[in-house]
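Enquirer: Residues in the sequence shown are numbered consecutively from 2, following our numbering.
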Amino acid sequence: MQTTRSPETDRLRKLEVVLKKAQVPYTILSHNRTIHSAAEGAAQGIGALANMAPTFILHTENGFLAAIICGDTRISYKKIKRALGLKNLCLASPDEVKQITGAEIGYVSLINRELSTIVDTRIIEKETIFGGCGIPEHTLQINPMDLIRLTQAFVFDFTEPKE
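1. For A67, which of N52, Y108, A43 has the nearest alpha-carbon?
2. Per the contact definition of three or more C-beta pairs closer than 8 Å, is the region 91-111 in contact with the region 127-138?
3. Please determine, among T61, I81, V19, C71, the residue with the shortest C-alpha to C-alpha distance to E97.
4. Would you call the region 40-53 and the region 86-100 touching, i.e. three or more CB-CB distances under 8 Å?
5. By DSSP, does V120 sit in helix, in strand, or in coil?
6. Which value, in whole angstroms, describes the spacing of the CA atoms of A39 and P55?
7. By how many angstroms is the C-alpha of Y78 removed from the C-alpha of L30?
8. Just to confirm my understanding: we take D158, look at its own chain, exclude 5 residues before and 5 after, and list those with CB closer than 7 Å. What are they?
9. I'd like the span of the beta strand (DSSP E) that includes E161, first residue to last.
10. Using DSSP's beta-bridge definition, name the partner residues of V156.
11. Smallest Cα separation from T140: which of V19, A23, P8, N33?
12. Please work out which residues of its chain come closer than 8 Å, Cβ to Cβ, to P95, disregarding the five sequence neighbours upstream and downstream, and give them in chain order.
13. Please determine, among E138, E128, E161, I124, the residue with the shortest C-alpha to C-alpha distance to A154.
14. So V25 packs on I143, CB below 8 Å; how close in whole Å?
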């Protein structure tokens with residue numbers, strides 16, 4: 002009897018291969034329901050809001066990029082435009098996010114090797130962060146410096162505190 006794997010199972014397996022090959026410590030947490038936001042993750046007791054690390058897919062005139070921030074901050078488009086010399090910048094649409102990452106908004110993986118990645122400087126202050134795995138009902142726990150190395154991210158200040 003042959004079993005078929007779902008696209009989600011394949012994404013999780015590929016993520017684990019990347020993490021193991023890089024020899025970084027990580028944990029993949031399983032949940033009984035999908036966590037759709039940093040606030041929801043903190044409310045579920047995964048970690049502090051500041052340690053939740055949502056990944057946003059941004060649409061620029063040069064293509065798409067992944068932006069990773071702390072859960073207690075918000076993206077400053079002005080800072081990103083200035084730092085990267087961009088004129089046009091907005092959030093990717095839900096359809097674009099699904100097409101590019103294979104994931105729905107709310108559980109986009111922290112690691113999207115096919116995309117350029119930017120990480121806000123506040124992330125590196127954390128010992129561990131929690132973010133998407135690219136599949137529902139799972140969260141990746143990883144050291145931010147390992148994440149930056151894996152994604153070859155450009156790290157700079159591009160957020161502001163949530164009000």
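For every residue, glycine included, the Cβ atom is placed at its ideal position computed from N, Cα and C.
Being a predicted model, the structure only gives us computed values, none of them experimental.
Expert: Looking at the coordinates:
1. If you number the sequence shown from 1, residue 67 lands on position 66. Among N52, Y108, A43, the Cα nearest to that of A67 is on Y108.
2. yes
3. To locate residue 97, count along the sequence shown from 1; it is residue 96. It is T61 whose Cα lies nearest to the Cα of E97.
4. no
5. By 1-based counting over the sequence shown, the position of residue 120 is 119. Residue state, collapsed to three classes: strand.
6. The residue given as residue 39 occupies position 38 in the sequence shown. The residue given as residue 55 occupies position 54 in the sequence shown. Approximately 6 Å between the Cα atoms of the pair.
7. What you label residue 30 is simply residue 29 of the sequence shown in a count that begins at 1. What you label residue 78 is simply residue 77 of the sequence shown in a count that begins at 1. Spanning the two alpha carbons is a distance of roughly 31 Å.
8. In the sequence shown, residue 158 corresponds to position 157, counting from 1. K80, D121, T122.
9. Stepping through the sequence shown from its first residue, residue 161 is reached at position 160. Secondary structure note for E161: its beta strand (DSSP E) is the uninterrupted segment 160-162.
10. Here residue 156 refers to the residue found at position 155 of the sequence shown. Bridge partners of V156: V120.
11. Working through the sequence shown from its first residue, we reach residue 140 at position 139. The residue with the shortest Cα to Cα distance from T140 is N33.
12. Here the question's residue 95 lines up with position 94 in the sequence shown. Counting only Cβ-Cβ distances below 8 Å, and skipping sequence neighbours, we find E105, I106.
13. Numbered from 1 along the sequence shown, position 153 holds the residue referred to as residue 154. Across the set E138, E128, E161, I124, the C-alpha of I124 shows the shortest separation from the C-alpha of A154.
14. Taking the sequence shown and counting its residues from 1, the one referred to as residue 25 is at position 24. Taking the sequence shown and counting its residues from 1, the one referred to as residue 143 is at position 142. Confirmed, Cβ separation roughly 7 Å.
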